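The structure appears right after this line, and notes come after that.
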Amino acid sequence: NIGGFKMKVFNQIGILLGVWAAGELVSQFIKNIISIPGSILGMIILFLLLQFKVISEEKIKDVADFLLGNMGIFFIPAGVSLIQSLGLIKENAILLLSCIILINIAVMIGCGKSVDFMIKLKEKKETKSKQEIA
């Protein structure tokens, strides 16, 4: 039924827009305390709603799949902005590359330390459970 599908998609868009609007509203209320974009807060709200099963995944699945499938379209404006700022990027190329390299190194170290910590935690838990069994 085409009419039913259209209404389902319309409802899903409404849910996502409502969550986005809630994020924007929260962002406006807390802007003097901390500046977090409303879209980010909206994603956090959506995550919490899904996590606590206030909204089921099925209620937003069709629209979410469409948006994820066409995500490349949303990067076009950012790409155009980069092209328009090419002169500024060239002026700061060494600084930008240095930041990119240092951030990547920091992320690799952070991930490695996190994995080491989790492995030690798992080994400690396994050792403790073996001692309890014995």
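If you read the sequence shown in this note's numbering, its first letter stands for residue 129, the second for the next number, and so on.
For every residue, glycine included, the Cβ atom is placed at its ideal position computed from N, Cα and C.
The structure presented is a predicted model; accordingly, all values stated were derived computationally and were not measured.
Residue 140 is positioned such that its CB atom lies closer than 8 Å to that of residue 191. Distance from the Cα of residue 154 is smallest, within the candidate group 171, 226, 230, for 171. In the three-state scheme derived from DSSP, where H, G and I count as helix and E and B as strand, residue 217 is classed as helix. Between the alpha carbons of residue 227 and residue 258 lies a distance of about 46 Å. When the beta-carbon positions are compared, residue 151 and residue 169 come within less than 8 Å of each other. Uninterrupted alpha helix (DSSP H) stretches at least 4 residues long and entirely within the stretch 183-238 occur at 189-197, 204-212, 214-219, given in chain order. Within the model, the alpha-carbon separation for residue 131 versus residue 208 is close to 38 Å.
Put simply, the backbone Cα of residue 174 is about 46 Å away from that of residue 262. Around the Cβ of residue 147, a 10 Å sphere holds 16 or more other Cβ atoms; the residue is buried.
Taking all protein chains in view, the Cβ of residue 211 is surrounded by fewer than 16 other Cβ atoms within 10 Å, so the residue is classified as exposed. In the same chain as residue 184, and ignoring 5 residues on each side of it, no C-beta atom comes closer than 7 Å to its own.
Residues 140, 143 of the same chain have their beta carbon placed closer than 7 Å to that of residue 187, with the five preceding and five following residues left out of the count. In this chain, residue 163 is not harboured by any alpha helix (DSSP H), its DSSP state being neither H nor E.
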